[in-house]
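Chemist: Below is one structure. I have some questions about it.
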Amino acid sequence: MSRAKRLLLLEIVSPIAIVAALWVWSARAGSFFFPPLSSIYKAFNTVWLGPGLLNDAVPSLSRWATAYAIAVILGIALGVPLGLSPIAKRLLGPVMEFVRAIPPPAILPIAVILLGIGDAMKISIIVLVSIFPILISTADGVAEVHATVRDVAKTYRIPFHAELFRILLPAASPRIFAGLRTSCTLALVMIVLSEMFGSTNGIGYRILGSLRSFSIPEMWSGVILIGLLGYGINLFFGWVERRALSWHHSVTVE
Amino acid sequence: MDYVPPPTDVAAEIGREIFTQRWWLSTGRTLSNWFTAVAIGAATAIPIGILLGSSEYLYRAFRVPFEFLRAVPPVALIPVVVLVAGATPSAAIFLAAYGCVWPLLVQTIYGVRAVDPLLRQVAVAYGIPRSGVLRHVILPATAPYILTGLSVSSALALIAIIGSEIIIGVAGVGSEINVARFSGATVTAYAFTIWTGILGLTISSLVNQLKAWLLRWQPVMEAQP
Numbered sequence: 001m002s003r004a005k006r007l008l009l010l011e012i013v014s015p016i017a018i019v020a021a022l023w024v025w026s027a028r029a030g031s032f033f034f035p036p037l038s039s040i041y042k043a044f045n046t047v048w049l050g051p052g053l054l055n056d057a058v059p060s061l062s063r064w065a066t067a068y069a070i071a072v073i074l075g076i077a078l079g080v081p082l083g084l085s086p087i088a089k090r091l092l093g094p095v096m097e098f099v100r101a102i103p104p105p106a107i108l109p110i111a112v113i114l115l116g117i118g119d120a121m122k123i124s125i126i127v128l129v130s131i132f133p134i135l136i137s138t139a140d141g142v143a144e145v146h147a148t149v150r151d152v153a154k155t156y157r158i159p160f161h162a163e164l165f166r167i168l169l170p171a172a173s174p175r176i177f178a179g180l181r182t183s184c185t186l187a188l189v190m191i192v193l194s195e196m197f198g199s200t201n202g203i204g205y206r207i208l209g210s211l212r213s214f215s216i217p218e219m220w221s222g223v224i225l226i227g228l229l230g231y232g233i234n235l236f237f238g239w240v241e242r243r244a245l246s247w248h249h250s251v252t253v254e
Numbered sequence: 001m002d003y004v005p006p007p008t009d010v011a012a013e014i015g016r017e018i019f020t021q022r023w024w025l026s027t028g029r030t031l032s033n034w035f036t037a038v039a040i041g042a043a044t045a046i047p048i049g050i051l052l053g054s055s056e057y058l059y060r061a062f063r064v065p066f067e068f069l070r071a072v073p074p075v076a077l078i079p080v081v082v083l084v085a086g087a088t089p090s091a092a093i094f095l096a097a098y099g100c101v102w103p104l105l106v107q108t109i110y111g112v113r114a115v116d117p118l119l120r121q122v123a124v125a126y127g128i129p130r131s132g133v134l135r136h137v138i139l140p141a142t143a144p145y146i147l148t149g150l151s152v153s154s155a156l157a158l159i160a161i162i163g164s165e166i167i168i169g170v171a172g173v174g175s176e177i178n179v180a181r182f183s184g185a186t187v188t189a190y191a192f193t194i195w196t197g198i199l200g201l202t203i204s205s206l207v208n209q210l211k212a213w214l215l216r217w218q219p220v221m222e223a224q225p
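So this is what it looks like as structure tokens:
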């Protein structure tokens, strides 16, 4: 067997072995905190493939999608002028730096004071937190477009919308994608946090609720669901980047 | 509107609060939990990273499990730590250390894998023992990567510490925001929130200075991932 094949085999076998070992250990340990994997699996099926899907998972995911869509559109739309105009950057830079430095969970109490615990609060706080990676990477990406390229566009009298969609955004796209990836994960974190802080439904609400009623396998199933969502985001962006940005050499950098 | 106090009020409140004991007590708690978490995270991630970076077999064996664990945001583990540790500093420290480990681990692995093989071969050819290779070749070459990971991790750790203070009520600046909110002292809640931003900025600039100082031997800052 060649070295490459052995490595691939190892990569496939070891996660299975780890899960199997956990399965056996948790079945025997009889620990209250770490219930057997089989019961977590059962809880996952009854909760997240049952009533929890419509009552909690769907509201979470729809808030997440709405907020992320707003953050993407606003982030790119505001990032372009910020990257093109040094004055805008000078004006807004310090304020942005400061807002970004506030740890996102610290904004939660004030968001609740201002907006209550409804969807408006969650969506605004997710947008506020997850817009920055997109905004900053778009601004950096646009600012890095070579001056010569922009001069050529000007010389040929290429209209601005064509310059924007044919030159600036494609040139900035590897950076924008990196920002999109970071913000997608951040949005996931914020949706869970905001649902734990104040909510009437959602994945985070459900996890905290299961803890309070000491339904430990149910709680673990929620933790695993979030892990799967996070892992899914990574896989998805990895796939999109490989497809959409295969022309760009720096894509291999994580 | 009562809910949005004028910035001058918030500034005045910060000016008043900054002389109180609870202000500095909560700040001290938050920062000491933060520091412990980063230290534990670094002490775990760097040795494991060096090990995984040096062995292709180990790297491949743990890649998928680590990718999965890395994707679990620390906030998802909040209920687990509440269950095991309650609203204690160790709960906050565990969450923050967990969040801290992954960027450091990934950066260390990248760094070790990017060490020029020629450097290693020269060291081996001169009969330098393994510990010497680690100390004089691998660690210095990996340092820029590790420090990049450290700056990401230290920000994440602060987020996790403040997050656990707010969600589970571990004592610190975050819990003061909540206390102020529940007692209707909106201006104080704003003051503490602004303070967390100042702490965040201070920490990131300190880490950047540490990075510049530790890497002062580098003639030019190398391009980093």
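Listed in order, the protein sequences are those of chains Z and P.
Once you know that position 184 of the first sequence is 184 in our numbering, the rest is easy, because the numbers rise by one and skip nothing.
Once you know that position 89 of the second sequence is 89 in our numbering, the rest is easy, because the numbers rise by one and skip nothing.
For every residue, glycine included, the Cβ atom is placed at its ideal position computed from N, Cα and C.
1) Counting only Cβ-Cβ distances shorter than 7 Å, please list the residues of the region 188-200 of chain Z near chain P, keeping chain order.
2) Give a yes or no on whether 8 Å exceeds the smallest Cβ distance from PHE237 of chain Z to chain P.
3) Please work out which residues of its chain come closer than 6 Å, Cβ to Cβ, to GLY204 of chain Z, disregarding the five sequence neighbours upstream and downstream, and give them in chain order.
4) Sorted by chain position, which residues of the same chain lie with C-beta nearer than 7 Å to ALA178 of chain Z's C-beta, five sequence neighbours on each side aside?
5) By the criterion of Cβ-Cβ separation under 9 Å, what are the contact partners of THR193 of chain P in chain Z?
6) Roughly how many whole angstroms lie between the Cα atoms of ARG130 of chain P and LEU235 of chain Z?
7) Using a Cβ-Cβ distance cut-off of 8 Å, determine whether VAL251 of chain Z contacts chain P.
8) Taking buried to mean at least 16 other C-beta atoms within 10 Å of its own C-beta, is PHE214 of chain Z buried or exposed?
9) Within the 8 Å Cβ cut-off, does SER183 of chain Z reach chain P?
10) Give a yes or no on whether the C-beta atoms belonging to LEU119 of chain P and VAL101 of chain P are separated by under 8 Å.
11) On the CB-based measure, 16 or more other CB atoms within 10 Å of its CB, does VAL72 of chain P come out buried or exposed?
12) Using a cut-off of 8 Å between C-beta atoms, extract the partners of SER204 of chain P located in chain A.
13) Quick one: what does DSSP say GLN255 of chain P is sitting in, helix, strand or coil?
14) Report buried or exposed for TRP217 of chain P, applying the criterion of at least 16 other Cβ atoms within 10 angstroms of its Cβ.
15) Which residues in chain Z have a C-beta closer than 8 Å to the C-beta of THR186 of chain P? List them in chain order.
16) Using a Cβ cut-off of 7 Å, which residues of the region 71-93 of chain P contact any Cβ in chain Z, in chain order?
17) Between ILE14 of chain P and GLY238 of chain Z, what straight-line distance do the alpha-carbon atoms span, to the nearest angstrom?
18) Is PRO59 of chain Z close to chain P, meaning its C-beta is less than 8 Å from at least one C-beta of that chain?
19) If we ignore side chains and look at the alpha-carbon of each, how far apart do GLY197 of chain P and GLY132 of chain P end up?
20) With contact counted as at least three CB pairs below 8 Å, one residue from each stretch, are the region 209-224 of chain Z and the region 40-58 of chain Z in contact?
21) DSSP on THR20 of chain P, reduced to helix/strand/coil?
22) Can you give, in chain order, each stretch of the alpha helix (DSSP H) that sits fully within the region 89-153 of chain P and has at least 4 residues?
23) From LEU180 of chain Z to ILE134 of chain Z, what does the alpha carbon distance come to, in whole angstroms?
24) Taking DSSP as the reference, what is the three-state secondary structure of ARG60 of chain P?
25) At a Cβ cut of 7 Å, what residues of the region 159-182 of chain P count as close to chain Z, listed as they run along the chain?
26) Rank Z:ASN55, Z:PRO159, Z:ALA143, Z:ILE102 by C-alpha distance to the C-alpha of ALA88 of chain Z and give the top, closest one.
27) Just mark GLN107 of chain P as buried or exposed, buried being the case when its beta carbon has 16 or more other beta carbons within 10 Å.
28) Scan the region 31-111 of chain Z and note each continuous alpha helix (DSSP H) run of 4 residues or more that stays entirely inside, going in chain order.
29) What are the boundary residues of the alpha helix (DSSP H) that VAL4 of chain P is part of?
30) Tell me the rounded alpha-carbon separation between LEU104 of chain P and ARG63 of chain P.
31) For GLU176 of chain P, does the three-state DSSP call read helix, strand or coil?
32) Would you report the Cα separation of TRP23 of chain Z and ALA155 of chain P, rounded to the nearest angstrom?
33) Output needed for ALA162 of chain Z: all residues of its chain with C-beta closer than 6 Å, excluding positions within five of it in sequence on either side, in chain order.
34) Expressed to the nearest angstrom, what Euclidean distance is found between the alpha-carbon atoms of PRO7 of chain P and VAL170 of chain P?
35) Check distances from the C-beta atoms of the region 49-66 of chain P to those of chain Z and list, in chain order, the residues that come in under 8 Å.
Modeler: The answer reads as follows:
1) The residues in question are LEU188, VAL189, VAL192, LEU193, MET196, PHE197.
2) For PHE237 of chain Z, the closest Cβ of chain P is not nearer than 8 Å.
3) Setting aside the 5 residues that flank it on each side, GLY204 of chain Z is surrounded in the same chain by VAL192, GLU195, MET196, each with a C-beta closer than 6 Å to its C-beta; the list follows chain order.
4) Here the set comprises SER137.
5) Per Cβ cutoff of 9 Å: ILE102, ALA106, ILE107, PRO109, ILE110.
6) Cα to Cα, the separation comes out at about 37 Å.
7) Model confidence at VAL251 of chain Z stands at a pLDDT of 45, short of 50, so the residue's coordinates are unreliable; what they give is reported in the following sentence. Not one chain P Cβ lies under 8 Å of VAL251 of chain Z.
8) Sixteen is the threshold: since fewer than 16 other Cβ atoms of the shown chains lie within 10 Å of the Cβ of PHE214 of chain Z, the residue is exposed.
9) Residue-level contact check: SER183 of chain Z does not touch chain P, since none of the beta carbons of chain P fall below 8 Å from its beta carbon.
10) Contact annotation: LEU119 of chain P and VAL101 of chain P have beta-carbon atoms that are not nearer than 8 Å.
11) That one is buried.
12) Looking at the structure shown, chain A is missing, and the protein chains on hand are Z and P.
13) Because chain P in this structure spans residues 1 to 225, residue 255 of chain P falls outside the shown range and cannot be described.
14) TRP217 of chain P counts as exposed, since fewer than 16 other beta carbons sit within 10 angstroms of its beta carbon.
15) Chain-order list of chain Z residues neighbouring THR186 of chain P: ILE113, by C-beta distance under 8 Å.
16) Those would be ALA71, VAL72, PRO73, VAL75, ALA76, LEU77, ILE78, PRO79, VAL80, VAL82, LEU83, VAL84, in chain order.
17) Between ILE14 of chain P and GLY238 of chain Z, the C-alpha separation is close to 45 Å.
18) When Cβ-Cβ separations below 8 Å define contact, PRO59 of chain Z makes no contact with chain P.
19) Going by the C-alpha atoms only, they are around 42 Å apart.
20) With a cut-off of 8 Å on Cβ pairs, the region 209-224 of chain Z is in contact with the region 40-58 of chain Z, counting three or more such pairs.
21) Correct three-state label for THR20 of chain P: coil.
22) Segments of the alpha helix (DSSP H) lying fully in the region 89-153 of chain P: 89-113, 117-125, 130-133.
23) Answer to the nearest angstrom: the Cα atoms are 6 Å apart.
24) The three-state secondary structure of ARG60 of chain P, taken from DSSP, is helix.
25) Residues passing the 7 Å Cβ filter: ILE159, ILE162, GLY163, ILE166, ILE167, GLY174, ILE177, ASN178, ARG181.
26) Among Z:ASN55, Z:PRO159, Z:ALA143, Z:ILE102, the Cα nearest to that of ALA88 of chain Z belongs to Z:ALA143.
27) Counting Cβ neighbours within 10 Å, GLN107 of chain P comes out buried, since at least 16 surround it.
28) Correct list: 37-48, 58-84, 86-101.
29) No alpha helix (DSSP H) contains VAL4 of chain P, which DSSP labels as neither H nor E.
30) So the alpha carbons of these two residues sit roughly 15 Å apart.
31) Here GLU176 of chain P sits in helix by DSSP.
32) In a straight line, the C-alpha of TRP23 of chain Z is about 35 Å away from that of ALA155 of chain P.
33) Sequence-distant partners of ALA162 of chain Z (beyond 5 residues in either direction) whose C-beta falls short of 6 Å from its own C-beta are missing from its chain.
34) So the alpha carbons of these two residues sit roughly 28 Å apart.
35) Residues GLU56, TYR57, ARG60, ALA61, PHE62, ARG63, VAL64, PRO65.
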